[in-house]
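Numbering (my numbering), first residue to last: 2 to 573.
Ideal Cβ placement from N, Cα and C applies to all residues, glycine included.
From a predicted model like this one, the values you see are computed outputs, not experimental measurements.
Notes follow the structure.
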Amino acid sequence: MKILPIKFRVNRKLVAVCAFLLFLLAQLAVPGGRVMPKTTVGSLNVGGQQIGQAEAYLKSSTKNLTVSINGKDQVFLASQVGILPQVDALVEELPTVSLKDRFIPFAPLYKLMTTKELNLSIKRDKAAIHTFATKISQSYTKAPADARAAIQDGKFAIFKDVPGVQYASSSIERQMNTANPFNNEPIKLTAKLVPAQITEEEVLTLKKEFEKKTEKPLTVSFGSITKTVSADELKKWLKTELNTDSKEYKLIFDASKAEQTLQSWAKEYNTAAGITQISYVDDVETARNTGPSGRALDEPVIKGQISKWIENPTADTLALAATVIPSTVVATRTYTRSSAQLQAKLDAWIAGHGGKYQVAIRELNGRGREASYSVSQQTVMASTYKIFLAFVVYKQADGGAINLGDKPNLPNGRSIEQCIEVMIVNSDNDCAVALGRYIGWAKADQIIAASGFEGIKLNNYDSNGNVSGDKMVNAKEQAKFLVQLSAGSLTNSTNTSNLIGYMKRQIYRMGIPAGSQGAPVADKVGFLDNYTHDVGIVYGPTSTYALVIMSSGSNFSNIKDLAQAVYDFMND
Numbered sequence: 002m003k004i005l006p007i008k009f010r011v012n013r014k015l016v017a018v019c020a021f022l023l024f025l026l027a028q029l030a031v032p033g034g035r036v037m038p039k040t041t042v043g044s045l046n047v048g049g050q051q052i053g054q055a056e057a058y059l060k061s062s063t064k065n066l067t068v069s070i071n072g073k074d075q076v077f078l079a080s081q082v083g084i085l086p087q088v089d090a091l092v093e094e095l096p097t098v099s100l101k102d103r104f105i106p107f108a109p110l111y112k113l114m115t116t117k118e119l120n121l122s123i124k125r126d127k128a129a130i131h132t133f134a135t136k137i138s139q140s141y142t143k144a145p146a147d148a149r150a151a152i153q154d155g156k157f158a159i160f161k162d163v164p165g166v167q168y169a170s171s172s173i174e175r176q177m178n179t180a181n182p183f184n185n186e187p188i189k190l191t192a193k194l195v196p197a198q199i200t201e202e203e204v205l206t207l208k209k210e211f212e213k214k215t216e217k218p219l220t221v222s223f224g225s226i227t228k229t230v231s232a233d234e235l236k237k238w239l240k241t242e243l244n245t246d247s248k249e250y251k252l253i254f255d256a257s258k259a260e261q262t263l264q265s266w267a268k269e270y271n272t273a274a275g276i277t278q279i280s281y282v283d284d285v286e287t288a289r290n291t292g293p294s295g296r297a298l299d300e301p302v303i304k305g306q307i308s309k310w311i312e313n314p315t316a317d318t319l320a321l322a323a324t325v326i327p328s329t330v331v332a333t334r335t336y337t338r339s340s341a342q343l344q345a346k347l348d349a350w351i352a353g354h355g356g357k358y359q360v361a362i363r364e365l366n367g368r369g370r371e372a373s374y375s376v377s378q379q380t381v382m383a384s385t386y387k388i389f390l391a392f393v394v395y396k397q398a399d400g401g402a403i404n405l406g407d408k409p410n411l412p413n414g415r416s417i418e419q420c421i422e423v424m425i426v427n428s429d430n431d432c433a434v435a436l437g438r439y440i441g442w443a444k445a446d447q448i449i450a451a452s453g454f455e456g457i458k459l460n461n462y463d464s465n466g467n468v469s470g471d472k473m474v475n476a477k478e479q480a481k482f483l484v485q486l487s488a489g490s491l492t493n494s495t496n497t498s499n500l501i502g503y504m505k506r507q508i509y510r511m512g513i514p515a516g517s518q519g520a521p522v523a524d525k526v527g528f529l530d531n532y533t534h535d536v537g538i539v540y541g542p543t544s545t546y547a548l549v550i551m552s553s554g555s556n557f558s559n560i561k562d563l564a565q566a567v568y569d570f571m572n573d
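Okay, here's the thing in structure tokens:
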């Protein structure tokens with residue numbers, strides 16, 4: 002009986018040893034490389050997955066993120082937004098049963114039963130977040146739409162205001178720098194509502210004003226005629242206008258909508274003016290036949306009257322403004338053939354043409370008639386200086402200082418005489434400058450002054466040879482030159498004949514020659530910047546005369562016209 006207890010104790014130990022060994026075997030059977038069942042990363046459950054599967058699952062689940070904009074969810078790449086989940090670092094933290102754990106009693110069981118909640122760390126790319134925030138702000142910010150008012154075919158239309166929405170990039174950046182986008186909730190971007198500056202209520206006030214202003218018809222009168230514009234028609238004559246500074250609408254008169262009505266009134270009222278014929282002899286009125294005046298509605302003033310009436314409508318009849326149209330004057334002018342009448346004709350021509358003129362007319366034969374306008378005023382010579390330069394060269398040759406056949410290094414190997422020819426005929430500048438330098442510009446002025454001419458300046462060069470100012474003259478001295486040239490008193494007969502011949506052949510014939518009806522003309526033109534000149538001798542059938550026309554702000558067409566008027570007068 003005593004042996005039985007001993008056997009019982011041996012069995013209990015054996016059972017304990019066997020149980021322990023079985024428990025170890027059970028722990029060793031726990032699979033390795035798997036995440037513990039109760040493991041979560043934020044809202045993501047990775048329990049029971051192989052480490053590789055868990056890593057792939059985490060990367061897939063955090064590749065994109067959802068952003069709510071204007072109440073609509075939109076998916077973006079996390080890298081595009083600048084929010085970078087650090088999955089690789091988290092994988093190292095995932096709880097698993099290691100080989101060591103399997104040999105520690107109850108360690109695997111503890112891990113299997115323990116809930117593990119891990120947080121996914123996030124790296125934020127501030128530059129990418131800034132770019133994303135800026136793009137979202139630009140794409141989704143919308144300006145408010147103001148309420149609008151318009152009058153369409155006499156009906157008042159209201160377009161409601163729509164608030165705007167503003168997504169501030171700075172606010173978006175703050176949200177992106179603090180939000181956890183992987184908690185199964187979208188990032189909701191907050192926006193600010195921007196109210197319209199002009200509301201529907203404000204436009205409704207204008208509508209009431211519109212209805213009040215068009216309650217009464219408009220009655221107008223002109224002459225013995227009375228017209229009524231109905232309230233419905235008046236509504237069509239109005240339009241709304243927005244003051245962009247004050248953001249306020251107002252009602253104004255739209256004259257274009259009333260144009261057809263105004264034209265019909267004018268057709269009933271307007272009367273054309275007649276013609277008043279006046280006859281002048283030497284600018285003295287000798288007869289007058291007065292034509293009737295006309296009348297017309299003054300449309301610009303009437304538009305102002307209607308606009309003012311609309312501001313404060315009344316039942317009173319509006320008398321429309323009208324104007325008296327004077328008769329058209331047609332003048333017939335005839336002139337006798339004296340110097341006084343030549344002067345009167347010149348003055349009348351000047352008064353009728355724009356631009357500034359200096360004119361001298363000197364008859365070289367017959368009655369010696371003459372006329373002038375502003376002849377003492379100095380003006381730029383332009384190329385007319387070349388006839389004075391030719392005179393200076395001939396004067397030097399007359400005194401034996403130079404030989405006209407010499408070739409003192411002039412353009413194209415020309416002789417002095419050949420250079421004078423192209424300088425006058427073709428208005429060649431190279432030859433003119435070369436001859437001026439050969440003689441000396443200062444000396445040229447001295448020779449001209451010594452010959453009795455005043456106020457003429459060819460030397461417009463400083464001590465270094467640079468251009469300083471312009472070559473200057475007046476019409477009086479130009480005419481004096483032409484008179485003496487014609488008389489042969491400037492130089493010898495050969496040189497005089499050559500110079501006049503060159504002037505007759507000069508190629509610019511659109512001024513005095515064109516207005517002289519085919520008569521021989523020895524002239525020289527000049528045009529520079531705003532200056533247009535023509536000076537010459539006209540050999541008419543009954544009168545030979547010097548004509549100087551110098552102008553600024555004019556043209557050769559006007560010079561031709563004046564030359565023709567002078568020709569007709571002198572050769573009648």
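When you compare only the Cα positions, how much space is there between residue i and residue j?
i	j	result
V36	N181	23 Å
T245	I199	11 Å
L252	E242	6 Å
V381	S464	21 Å
R125	I84	5 Å
V394	Q419	12 Å
Y281	L347	15 Å
T40	F160	59 Å
N493	F392	10 Å
A352	I279	18 Å
D74	A128	24 Å
L486	A480	10 Å
I448	A288	55 Å
Q342	I560	20 Å
Where do the N-terminal and C-terminal ends of the beta strand (DSSP E) with residue i fall, by residue?
i	result
V526	522 to 529
K117	117 to 119
K156	156 to 160
K251	249 to 254
G165	165 to 167
R149	149 to 153
N499	Taken as a continuous stretch (DSSP letters only), N499 belongs to no beta strand (DSSP E), being part of the alpha helix (DSSP H) at 494 to 506.
Specify the secondary structure class of residue i as computed by DSSP and reduced to three states.
i	result
L95	coil
A288	strand
F183	coil
A488	helix
P86	strand
Q580	Beyond the ends of the chain as shown, which are 2 and 573, falls residue 580; an answer cannot be given.
E455	coil
L347	helix
Y439	helix
E216	coil
M37	coil
I199	coil
A178	Reading off the sequence shown, one finds Asn at residue 178, where the question assumed Ala. Here N178 sits in helix by DSSP.
T509	Position check: residue 509 holds Tyr in this sequence, whereas Thr was assumed. Coil.
Who does residue i pair with in a DSSP beta bridge?
i	result
E364	Y546
S552	Y358, T533
F223	I226
N65	L78
S373	A361
L298	A323
Less than 8 Å between C-beta atoms, sequence neighbours within five positions excluded: which residues of the same chain meet that for residue i?
i	result
V423	R415, D429, C432
S171	A134
Might you give, ordered along the chain, the residues of its own chain that have their beta carbon closer than 7 Å to the beta carbon of residue i, omitting 5 neighbours on each side?
i	result
Y546	I362, R363, E364, L365, V539, M571
P314	K214, K217
N65	V76, F77, L78, A79
G168	Position check: residue 168 holds Tyr in this sequence, whereas Gly was assumed. Closer than 7 Å at Cβ, skipping near neighbours: I137, S138, Y141, T142, L190, A192.
I326	A274, S294, G295, R296, A297
T272	G295, R296
G49	R35, V36, P38
With a threshold of 8 Å, establish whether the CB of residue i neighbours any heavy atom of the ligand GTP.
i	result
L121	The ligand GTP is absent from the structure shown, which contains no ligand whatsoever.
On the DSSP letters alone, give me the boundaries of the alpha helix (DSSP H) that residue i sits inside.
i	result
I403	Premise fails: I403 is in no alpha helix (DSSP H) and is neither H nor E.
Q50	No alpha helix (DSSP H) holds Q50; DSSP gives it neither H nor E.
A564	557 to 571
A129	127 to 141
V393	386 to 399
Could you confirm whether any beta carbon from chain B is found closer than 9 Å to the beta carbon of residue i?
i	result
N465	Of the protein chains in this structure there is only one, and it is not chain B.
What does a CB cutoff of less than 6 Å around residue i pick up in its chain, not counting 5 residues either side in sequence?
i	result
S384	S428, G527
R149	F160
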